[in-house]
Structures are given as C-alpha cells and as structure tokens.
Amino acid sequence: MPTAATPTTAARWAGPALLALVIAAALYLVVVVYATGELLLAGTLLVICTLAVWIYSARSTYAFRYLFPGIAAALVFVVFPMLYTITIGFSNYSSRNLLEFPRAEAYFLSETFRAEGSTFEFSLHPAGDEFRGRLVDAETQKTFQFGPLALAATRVLEVTAEEEPSGAAALPVPVTLKDLIGHQKALQGLTVKLPSGVKVRMAGLREFATVQPLWVKQADGSLKNQENGNVIKPNRESGFFETAAGEKIQPGFQVPIGWDNYRRIFTEQRFREPFVRIFAWTVLFSGLTVLFATSLGMLLAVLLNWDALSFKGTYRMLLFLPYAVPGFISILVFKGLFNQNVGEINLILSSLFGIKPQWFSDPLLAKTMLLIVNTWLGFPYMMVICMGLIKAIPADLYEASAVAGAGPLTNFWSITLPLILKPLTPLLISSFAFNFNNFVLISLLTGGRPDFLDTTVPAGTTDLLVSYTYRIAFQDSGQNYGLAAAISTVIFLMVAVVSLVQMRFTKVVEDEKR
C-alpha cells in the first residue's frame, strides 16, 4: 500500500542523506583547515573522513563502527601530534626562524619609511558608531577630512580625503589619547589619498605623513631597500634574508634541514655530553622510583591484609591521602619542607644532629630528594593495586602453607609475590614510562637544577630528558623548537624500546617458570 511504502522509502534514504550531509560538513572542515596552511592536520582529517565513509557504509566493516570514534580520537590526539612533532624535528623552527617564508617576505614588504613631503596633524572624531579623520597641513594649514570609517578591526584600507570647506560645521571633540591608542592598529593600515594625488599614512599618534614601502621585490626574488639601496636575498639553507656580506636579517623563516637536528644531538659535544648524562639519570630515576614505590606499596598492602591488625580502615584512609591530594600541591609543600633555611626537615635535622643539608644545591641530595618525593606520591596507588591483587589470591594457599609450618616471609616469597607480580607487570611498565617523562615533578621541585657547570646549553643534574627538552625549547636564548622536537622524537623511541624490552623480558621469565 502507498501509505506503508512511503515511510519505508523515507527511512531507506534517511541514512544515505545523513551520511552525505556529514561528509559534506567534514570536507568543508578539511578545506578550511587546509586554507589556514595546516597541511598535516588537513591530511589527518581527510584520512579520518575517508575511514568514516568506508566503515559506516560497508557491510564488511560493521563491527568497527563502535570502535571508530576511539580510533578517530587516537588519530587526532595521539598520531597527529606525534607526526607534527617529528615533522618539526626536520626543520630549523625556532624563535629566530618562526615564520613561514611567505609571511617573512610579507613582513619585509609591509615595512615603510617616511619620504619627503608635507606633514599633517591628525585628529580622530566620533561620528555615531563610526569615526571621521581630520588632517591639517603643517605648512599651508589646509584642512582635509575623510570618513566615516569603522575601525573595529585591523585591515588594509585606502580612503580619499576631501578639502574641508571654510564654512563647514565643526567636528565633534576628538577622541581621547587612550581611545586613539586603542584604534592605532586599525589606523596604521589606513592610507589616505589627498585631492592632489599624494598618499599619506600614519607616522605617529597625532601625525600623518608621506610614506613609501621600505622594501621592493625584484624579479630574482631579492628585496631592495628604497631608502639606502641595499639588497637582501633569501637563503633557503640558513632560513634568513641575507645581505651581500652574509649578514642575516631578522625575522628568519622555516626551512627543512633534514637530519641536522638529530646529528647535533649525537655529534655536537655541547649537546651530546649532557644528553648522555641526563639519559642515564632518567633511566635510573624511573627505575628506582618504580622499585621504591612498588616495594613500599606492596609492603603496606601485605600489612594491611593482616587479619590481626586493628583499625585497618583508618590506616588505609590515611595512607591513601597522599594520592588523593593533587600532585602539584604535594610537590610545592615538599619544596617548602626541604627549604635549606626555613624548611621543617632541616630544622629537625639541625636540632637533632646539627646539620642542614643543601637539598637544592648539592646534586646527590637533590636527586635523593626527588626520589623521596616521587616515592611518596606513587606508593598509595601501588598499595591499592597490590591490596586488590592480594585479595584475589585464594585463601586455601595460605591455609595449606600454615599447615606446612611456613612463616610470613615464606608466604610472601612463595605465594604472594609470584601471584601478584604477573598482573602487576603491565602497570610497572606503564609506571616506568610515566616517570621517564615526569615533567611536573622536575619543573615544580628543582627546575632541573643544580645546573651542569661544564655545558653551554641549559641542562641540570636533576633534569630528565623531557625537562631538558623543555628548557632547550622555551628557556634557552635560542628557543630551538626544531631541536627540541628531535629530542622528543628520540625520547619517544627510547621509551618504546625500553617498554618493548621489558615486556619481552617479562615474557621470557614467565616462559621459563612454566
């Protein structure tokens, strides 16, 4: 019947119509992102859109429809940042080479200089929601008006001025200096053409004058200075416009440099020496943190599972509090406790033993302090995990052990540890990887200091590779983002390799036990 067929037809076409609408919106988003110059992000979004069309339209991929949102999120928030970081590592991107070439060239071409000609006194007057400008020739006292203008946004605009008639009505009171400064950016993009054909631009807050472009592009791509005749050419290897004498002119621009950043990490002495030392400390710090936090957490978990222990609930709550408090607050509290002069820890040590350790200036003590604080922050989580794993162990095993006359240590080494170590292993590996990149602790507690005295790059004895990378990228005078991205890529590969080796070693040990 027609009445029954109509809903079926509508339902049949509703799905494809919705899919087509989503595809159109997604393609529009890709085009917008591509138009902004973000080619890598546009490519990632295009891949996601293609996968979405394939997965949600093909019957053979029906099972993946529920997994795709997670896959798409991983592509955008994990794969794309990783690819973007790797891409930056092959460039000279830094605070000196911040712009892309077209923007760097446009910066030079936008510069102007004050040419010979008349000077005009300038005032800005409100005209309803817009503004009118008034120019007075400093020599002839002729007056010109232009506008009304909307100065809400910064833009390049050319307007024509007319000579003010002698009997014209007076303009409103000019805007205040504060309001004039607020509109300065918009006014700087304004070119006023006078009746004589002369063009003037803003030369000061209260002044317009004849200005000309400082640089003019030549046929060979070089830029010529119209004020002094100098010529600068873009150097695609150094990423700078350079004079004939080789002088680099700021701002620079980004250029691909291949593997240079990676070669600098391992070949230049000023980078290689601190990198090796920091890498060794990073591995040691991560390993010792996992060892100490896990050992303490496991010990407390075993004690809290002791049936004869009273007030176990209270102890659990108190021991879990360090994990409940936000980490950055605990780190800052410890920073005050370890203060050399007024910290409670040194006050106690001074009253008991007459010593005041220099926790922040002595490299060994600073590393010890980091391990103490990180163990304090990590053991509650390990304790809770181990308590849950111990609860899962059948009680029959301990009863049989008690019948055999085994003590607590035998129970731990023969029953508890072997049974909880296998499910605990993935957590230990992830904990190692987390502490390998534990930037927050280093940044808030020591800042990587005390610094190495034999290096010219910002590197400290307590720096991890991640904080060392941060200091190169954001605290070094060069702010070398390309080099920092290369180090980040190396760190990623190191963590991946170490994690794979740990997982392989664990598997081998398990196979041997079997």
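Last residue of the sequence shown? That's 1505 in the working numbering, and every number before it is there in order.
Where is the CB? At the ideal position from N, CA and C, for every residue including glycine.
Per the DSSP secondary-structure output, W1404 pairs with nothing in a beta bridge.
Under DSSP, the beta-bridge partners assigned to R1123 are H1116.
DSSP links M1193 through a beta bridge to F1199. Per DSSP, K1224 is one residue of the beta strand (DSSP E) stretching across 1222-1226. Contact check for E1198 against F1111 passes: the beta carbons are separated by less than 8 Å. Assignment of beta-bridge partners to G1451 by DSSP yields D1442. Between the alpha carbons of K1133 and Q1203 lies a gap of roughly 23 Å. Assignment of P1313 by DSSP, reduced to helix, strand and coil, places it in the helix class. For V1246 and L1126, the gap between their C-alpha atoms comes out near 45 Å. For the 8 Å CB-CB criterion, D1454 and I1269 form a contact. Remark: C-beta atoms of I1406 and I1376 do not approach each other more closely than 8 Å. Counting along the chain, the unbroken alpha helix (DSSP H) around Q1260 starts and ends at 1260-1295. With respect to the C-alpha of L1205, the residue from V1431, F1283, N1216, F1092 having the closest C-alpha is N1216.
V1191 is not a Cβ neighbour of V1150, given a cutoff of 8 Å.
Between N1252 and A1026, the C-beta gap is not smaller than 8 Å, which leaves the two residues out of contact.
Looking at the backbone, the Cα of L1444 and that of F1266 are separated by about 14 Å. In the three-state scheme derived from DSSP, where H, G and I count as helix and E and B as strand, E1154 is classed as strand.
Taking the Cα positions, A1177 is about 12 Å away from L1196. S1082 and N1471 have their C-alpha atoms roughly 10 Å apart.
Look at the beta carbons and you see the segment 1280-1300 touching the segment 1354-1368: at least three pairs across the two are nearer than 8 Å. The residue from A1017, L1275, F1465, P1417 with its alpha-carbon nearest to that of T1452 is L1275. Annotation for L1181: the continuous beta strand (DSSP E) segment containing it runs 1181-1184. Between the C-alpha atoms of L1418 and F1430 there is a straight-line separation of about 19 Å.
V1316 has its alpha-carbon roughly 17 Å from the corresponding atom of T1305.
The bridge partners DSSP lists for P1247 are S1082. Contact check for M1373 against T1460 fails: the beta carbons are separated by 8 Å or more. By the Cβ rule, the segment 1424-1442 does not count as touching the segment 1389-1400, because fewer than three pairs are nearer than 8 Å.
Restricted to the segment 1346-1385, not a single beta strand (DSSP E) segment is unbroken, complete and at least 3 residues in length. With a cutoff of 8 Å on beta-carbon distance, P1371 and P1414 are scored as not near each other. An exposed status is given to F1465, since fewer than 16 other beta-carbon atoms sit within 10 Å of its beta-carbon.
Membership of P1139 in the beta strand (DSSP E) is indicated by the continuous run 1134-1140. Remark: C-beta atoms of V1069 and T1035 do not approach each other more closely than 8 Å. Rounded to whole angstroms, the gap between the alpha carbons of T1446 and R1261 is 6 Å. Following the DSSP letters along the chain, one finds N1337 inside the alpha helix (DSSP H) bounded by residues 1335-1344.
For L1168, the enclosing alpha helix (DSSP H) stretches over residues 1168-1173. Straight-line measurement puts the Cα of D1170 at about 17 Å from the Cα of A1194.
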